[in-house]
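One structure below.
Residue numbers (our numbering): -17 to 297.
The structure is reproduced here in structure tokens:
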């Protein structure tokens, strides 16, 4: 199976130019670094002209010659012909008013459409239910302020207007949103509580994955608390995110040697009867964008994960 990633509009890539790479043309460098099926150098030149490729925070021309230590950011643009249709998909609504909606997402449901995948997502359901969502994140992600993985269940907040979106995004940025997860991990965690403070970036060996690395990474902090030790080979944890990097909990748990049970990417072989990782976004709390009141919501562990826990306890 090829490790070359496919184009996905949620992707962004960051690099720092090394001494050996200095002097290369920008478009050539990005084309070689991305190595994405179906993306040509001509398309990358168009992205650069659109401003989707930035050097040191600024738009430049495709023939820009790179300097050592230049910081590059590529945000894959959304296709202009994207057409996302509202769909009458049932939603488990935990809270809703004229500004914000909080839902309990089931495992297996994608949050927002990506290129080549335009139906059956949370966004399709929200568009049908809400009729109006914030437009800050564009046509493919209306209302979406943050994401949880397809195979992670739990609480997700969305914005119904741009005022709400800006407020919630700022709260995420300054780490004031409460996000607590329940996870089942392999191994008997010896510490009752602790913190993983380890930077996360793309895996240089497989750009679809993330890993703990000092290269082109961002700080990532996860706090953990042992809820229950189940035999000698499983531990139930409560995890609180201080930062919100892609796959953060999954990567951090693998890094410290306690990978999530059922994780098809960062975990071990199939070990529990779940379609995906045993991870549930159980608590979310934020200041209401209009009133400023702090709101906090909790969703119980889903039935499939609860059944796994009960089976393990009864061994």
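Built from N, CA and C at the ideal position, the CB exists for glycine as well.
All figures in this text were calculated on a predicted structure; none of them were measured in a lab.
If you check the CB distance, residue 229 and residue 268 do not come in under 8 Å. The alpha carbon of residue 195 has as its nearest neighbour, out of 187, 202, 181 and 283, the alpha carbon of 181. With contacts defined by Cβ atoms closer than 8 Å, residue 157 and residue 220 do not form a contacting pair. Rounded to the nearest angstrom, the gap between the Cα atoms of residue 86 and residue 69 is 17 Å.
With a cut-off of 8 Å on Cβ pairs, the segment 205 to 216 is not in contact with the segment 135 to 142, counting fewer than three such pairs. By DSSP's assignment, residue 87 forms a beta bridge with 136. Taking all protein chains in view, the Cβ of residue 284 is crowded by 16 or more other Cβ atoms within 10 Å, so the residue is classified as buried. The beta carbons of residue 84 and residue 76 sit about 5 Å from each other, so the pair counts as a contact at 8 Å. The DSSP assignment places 160 to 168, 175 to 179, 182 to 185 and 188 to 194 as complete runs of the beta strand (DSSP E) inside the segment 138 to 204, in order along the chain (cut-off: 3 residues).
Of the candidates 40, 278 and 53, the residue whose Cα lies closest to the Cα of residue 162 is 278. Per the DSSP secondary-structure output, residue 269 pairs in a beta bridge with 276. Listed in chain order, the non-local C-beta contacts of residue 44 below 8 Å within the same chain comprise 7, 8, 9, 26, 27, 30 and 31, local neighbours out to five positions each way being set aside. Taking a C-beta distance under 8 Å as the contact criterion, residue 130 and residue 178 do not qualify as a contact pair.
Relative to residue 253, the option among -4, 243, 262 and 110 whose CA is nearest is 243.
Per DSSP, residue 288 is one residue of the alpha helix (DSSP H) stretching across 285 to 295. In the three-state scheme derived from DSSP, where H, G and I count as helix and E and B as strand, residue 77 is classed as strand.
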